[in-house]
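S.K.: Taken in sequence, the protein lines are chains A and B. For the first sequence, my numbering gives the first residue as -11, with consecutive numbering after it. For the second sequence, my numbering gives the first residue as 7, with consecutive numbering after it.
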Amino acid sequence: MSDRCTYTGTSTPGAGRTHWKRSAVMFVPCTLAVGALGIALAQGALAASFAVSGAAFKVSASEITAEGMSSFPSSIGDSADDAKPVLLAAVKNGTVSDVCVSLKQKLPLVGDITMLVHSGADKPLEGSNLVVNADALTGGGGKVTGVQVGRDASTLTGAPGVTGPKGTFGVQASTAVAHDVESTAYAANGGALTLEKLEIEFSRTGKQCF
Amino acid sequence: MFSFVLGFLSELARETGDWFDRILPAPRLRRSLRGRRRGRPFWAAVWVIAGGVEMVAIPLAPLPLMIKIGVGAMSAVGISLVLIAGGLFFLFEPDQRMFVSVVTAIASLTSMATTNLGGFGVGMMAGLIGSSLAFGWMPDPVRETDGDDGDRLPGPSGTGQGDPAPAEPAEAAPGATGMPREGGAPKDQEVSAPKAREDRARSGSRRRPARSPALFVVSAMVVTAGLPAVGTAAAAPGTDVFPLPRPTLARPWDSAPSPSPTPTPSPGGTGSASAPPAAAGSPQATGDTDADSGDSPDQDDSQGPGERDDRAGAARVTLPCLTGVDTGGLPDPDQELEEATPGKTSADPDDLTALRPPVVVGDRPGRPRSTYPISPDHPEVGADTLTAYGAIIHGAAYLPTADGGRMKVLWVHADRLIADNYTFRLEGAGQVRTIDVDLDIPQVDIYVTQLTGSITIPVLGVATPRICVGADIVPANLPVAVQLPKLSVTAVEAGQVLVDAETVNFADLSMHSKDR
């Protein structure tokens, strides 16, 4: 299809073309709006919504606090064969300090590329209605209050609206604090996340959060 | 200087294009496709659809989960559908491009706040570029410069005569909506008059530098490099020359019909628009092996039977389990038990001198029994040592399960419980989840189905053989409790049904999930 360039200058019946001045009429204001939105997001004036999934990504944070938490074992995947066991954790309101997210992705033509996102070094991020499907998790220590370990997952009340299948082991807590958390997760969904000073870095060196 | 560079580039592009035209197969098919592309804002549609597909492909969590979360998560799907639908409009109803391009531009902007910063910026920028291209796209006014154009449909305007590229095309085409659809002439025209074509191209090249190759190259680069996870639906329209590898994410719409390179107004084209919502719970990555290699598999084995045996070795002998005989008991504790006042236990957990009668008959000390439904699927836990200060052994009780049944459990309360190297193992559906953690829990109620361990007798410092007690042999809800200032158990194994605590302090947490 690359041959189209041959006939760019010729006239074909019914042909049209892009008039760059007209395009700019839309593109320039939109770009300005994007800049304004970006500033608003980076300053925390506007909460961004997230729903990330796909390959496993790594998350580390120096401190995580949660208010209203539910958790139960779950699996992601469309069939029993390739189901991936995860621990689903839902948080009603939470903050994250000094968070790092890294995602390694194999791209065609380019090869492996990693994306590193840093945020919350100065001021913790705030989020609500966060749901994470974690594959592995390590934590240095912390404190959980109002703990009910073993409550049936279908009756969990820690995070509103998130319950598991009946007969499944469930955990809930009213508050939780964890330090030096490192996790491998497959999906993260945030109802809203207020960002602070976002740094995004792409590299091919394979550098990850941990 | 600038015009010279532009002219040189367009010349180069044309030569390259000519070369491609000579070596590529199926010239007739390609010419007919070319006519279709030119008759609509094709590249705008490609960009917009690519942006929409990227947004919905990157974010998808299991769909049932997204529905539970509600508006925030579903907006990813909604905005993507708007963009994809807009792209289809550009392809099949180019006349409506003005309004649709404004809609897609607004949707792209909105996506920044609602959809992963607009699909991490990529989908949003693709949508904006596509929208702008569509906004700027105009059908050419008819130019009567060559005789072989005589079979063209009558154009809406006579302006621009003799000028291959009007300076202000927007004004030059007042009847833009009268754009001819799919002329049938391009083949004959181009085959019959190659020389004329070349002359025409040269004369027009100065004002119309070859933009399409640039568009194509940029489109292809972004589509192939930036959106590896996007299904072939997005890639197919523009990059069928490029042998795209399979997308890294196995998603349901991989098998969905992708928009044909030849835009035909058939339901097949809309398949891509309806496919994304069907992506229920399939973020299954084929690259799992990469991801898993990052984990440390050695920690996964910490719950292996050999290690457990080592720990048990400290307690020499394990007596046969006292279990298998259900002694029954009262179906429910008396109402007054629920309202019992806490008994007197030592305020200072380290104060071991307090001597109380170990057996309490009547009102139960400690907190009342938990009442919320438990899950019948309970984990096996173990610990190197388990030390309970201010322990109250309540005996057996029934706990309700969520499906209306009940489970007989041993109920132990502790003012403070310290578990060293506590391991938690939950199996189900061929999957194993393990947690290793050190715990320090004040004011805790533990409910277990059976408990195995070697009890250390406090004063003598002697450990008993490992004793195993099942909940079934203890009559339920006896109005008797045993209070112990300190209970130390080593080499513990238990079927842990429920832990109810006000506060849990933990350290060195490590959780892993894996297939059995």
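A virtual CB, placed ideally from N, CA and C, is assigned to each residue, including glycine. Since the model is a prediction, treat every value here as computed from it, not as a measurement.
Identify the residues that DSSP records as bridge partners of Y378/B: which are they?
M.R.: Its beta-bridge partners do not exist; DSSP assigns none.
S.K.: Using only the alpha-carbon positions, how far apart do D514/B and P481/B sit?
M.R.: Distance between the alpha carbons of D514/B and P481/B: 38 Å.
S.K.: At least one CB of chain B closer than 8 Å to the CB of G82/A: is that the case?
M.R.: With 8 Å as the cut-off, G82/A does not count as an interface residue toward chain B.
S.K.: Return yes when the Cβ of M517/B is within less than 8 Å of the Cβ of L144/A, no when it is not.
M.R.: Against a cut-off of 8 Å, the Cβ pair of M517/B and L144/A comes out as no contact.
S.K.: Contact check, A140/B vs F96/B under 8 Å by CB: the rounded distance?
M.R.: Right, the Cβ-Cβ distance comes to about 5 Å (below 8 Å), so this counts as a contact.
S.K.: Please list, in chain order, the chain B residues whose beta carbon lies closer than 9 Å to that of F15/A.
M.R.: Neighbours of F15/A on chain B, chain order: A111, L134, I135, S137, S138, L139, F141 and G142.
S.K.: Is there a C-beta anywhere in chain A that falls below 8 Å from the one on H419/B?
M.R.: Cβ-Cβ to chain A under 8 Å: no for H419/B.
S.K.: DSSP beta-bridge partners for G158/A?
M.R.: BP columns for G158/A point to R139/A.
S.K.: Using a Cβ cut-off of 8 Å (strictly closer), state whether I380/B contacts chain A.
M.R.: Answer yes: the Cβ-Cβ gap between I380/B and chain A drops below 8 Å somewhere.
S.K.: Is there at least one Cβ from chain A nearer than 8 Å to M6/B's Cβ?
M.R.: This structure cannot settle anything about residue 6/B, because the visible part of chain B is limited to 7 through 522.
S.K.: Is it right to say G23/A is buried, meaning 16 or more other beta carbons lie within 10 angstroms of its own, or is it exposed?
M.R.: So G23/A counts as exposed.
S.K.: Terminal residues of the continuous beta strand (DSSP E) containing P17/A?
M.R.: No beta strand (DSSP E) contains P17/A, which is instead part of the alpha helix (DSSP H) from W8 to A30.
S.K.: Going by the CB atoms, is the gap between V495/B and S595/B shorter than 8 Å?
M.R.: Nothing about residue 595/B can be read from this structure; chain B reaches only from 7 to 522.
S.K.: Sorted by chain position, which residues of the same chain lie with C-beta nearer than 7 Å to T83/A's C-beta, five sequence neighbours on each side aside?
M.R.: Same-chain partners within the cutoff: T53, P112, L113 and E114.
S.K.: Taking only three categories from DSSP, how would you classify V480/B?
M.R.: In the structure shown, V480/B sits in coil (DSSP, three-state: anything other than H, G, I, E or B).
S.K.: Give me whichever residues DSSP pairs with G431/B in a beta bridge.
M.R.: Gly is not the amino acid found at residue 431/B; the sequence shown has Arg there. According to DSSP, R431/B bridges with E386/B and T440/B.
S.K.: Can you tell me whether DSSP reads G128/A as helix, strand or coil?
M.R.: G128/A falls in the strand class under three-state DSSP.
S.K.: Is D155/B helix, strand or coil by DSSP?
M.R.: Note that D155/B scores 41 on pLDDT, short of 50, meaning its location in the model is unreliable; the coordinates nonetheless yield the value given after this. Helix.
S.K.: Excluding sequence positions up to five away, which residues of its chain have a Cβ less than 6 Å from the Cβ of T126/A?
M.R.: Contacts found: E170.
S.K.: Is there a C-beta anywhere in chain B that falls below 8 Å from the one on P112/A?
M.R.: No, its Cβ sits nowhere closer than 8 Å to a Cβ of chain B.
S.K.: Just how far apart, CA to CA, sit V6/B and M413/B?
M.R.: This structure cannot settle anything about residue 6/B, because the visible part of chain B is limited to 7 through 522.
S.K.: For L325/B versus I479/B, is the C-beta distance shorter than 8 Å?
M.R.: Against a cut-off of 8 Å, the Cβ pair of I479/B and L325/B comes out as no contact.
S.K.: I want to see whether chain B comes within less than 8 Å of D123/A, judged by CB atoms only; does it?
M.R.: Yes, contact with chain B.
S.K.: Which of helix, strand or coil does DSSP assign to V503/B?
M.R.: It is a strand residue.
S.K.: Could you give the residue range of the beta strand (DSSP E) that holds E187/A?
M.R.: Counting along the chain, the beta strand (DSSP E) containing E187/A begins and ends at E187 to S191.
S.K.: To the nearest whole angstrom, what separates the beta carbons of E114/B and G57/B, a pair I think is in contact under 8 Å?
M.R.: What sits at residue 114/B in the sequence shown is Ser, not Glu. With 8 Å as the limit, S114/B and G57/B qualify as a contact, their Cβ atoms being about 7 Å apart.
S.K.: Using a Cβ-Cβ cut-off of less than 8 Å, list which residues of the region 122 to 152 of chain A approach chain B; keep chain order.
M.R.: Residues passing the 8 Å Cβ filter: A122, D123, A124, L125, T126, G127, G128, G129, G130, K131, V132, T133, G134, V135, Q136, V137, G138, R139, D140, A141, S142, T143, G149 and V150.
S.K.: Using a beta-carbon distance cut-off of less than 9 Å, what residues from the region 496 to 508 of chain B approach chain A?
M.R.: Listed by position, the residues of the region 496 to 508 of chain B near chain A (Cβ gap below 9 Å) are Q502, V503, L504, V505, D506, A507 and E508.
S.K.: Which residues mark the beginning and the end of the alpha helix (DSSP H) in which V128/B is found?
M.R.: V128/B -> alpha helix (DSSP H) spans V128 to G142.
S.K.: With distances taken Cα to Cα, identify the nearest neighbour of V88/B among V54/B, A132/B and S381/B.
M.R.: If we check each option's Cα against that of V88/B, V54/B comes out closest.
S.K.: Near L104/A, what residues of its chain come up, given a Cβ to Cβ distance below 6 Å and the 5 sequence neighbours on each side ignored?
M.R.: Closer than 6 Å at the Cβ level, and outside the excluded window around L104/A, lie S90 and E189.
S.K.: Can you tell me where the alpha helix (DSSP H) with G99/A in it begins and where it stops?
M.R.: Per DSSP, G99/A belongs to no alpha helix (DSSP H); it is in the beta strand (DSSP E), G99 to S107.
S.K.: Who are the near neighbours of N511/B in its chain, counting only those whose CB is closer than 6 Å to its CB and skipping five residues on each side?
M.R.: Only D446 meet the Cβ criterion.
S.K.: Can the beta-carbon of K46/A be found less than 8 Å from the beta-carbon of F198/A?
M.R.: Yes, the Cβ-Cβ distance between K46/A and F198/A is below 8 Å.
S.K.: So G152/A packs on A141/A, CB below 8 Å; how close in whole Å?
M.R.: G152/A to A141/A, Cβ: 3 Å. Contact.
S.K.: Should A32/B be labelled buried (16 or more other beta-carbon atoms within 10 Å of its own) or exposed?
M.R.: Exposed is the call here.
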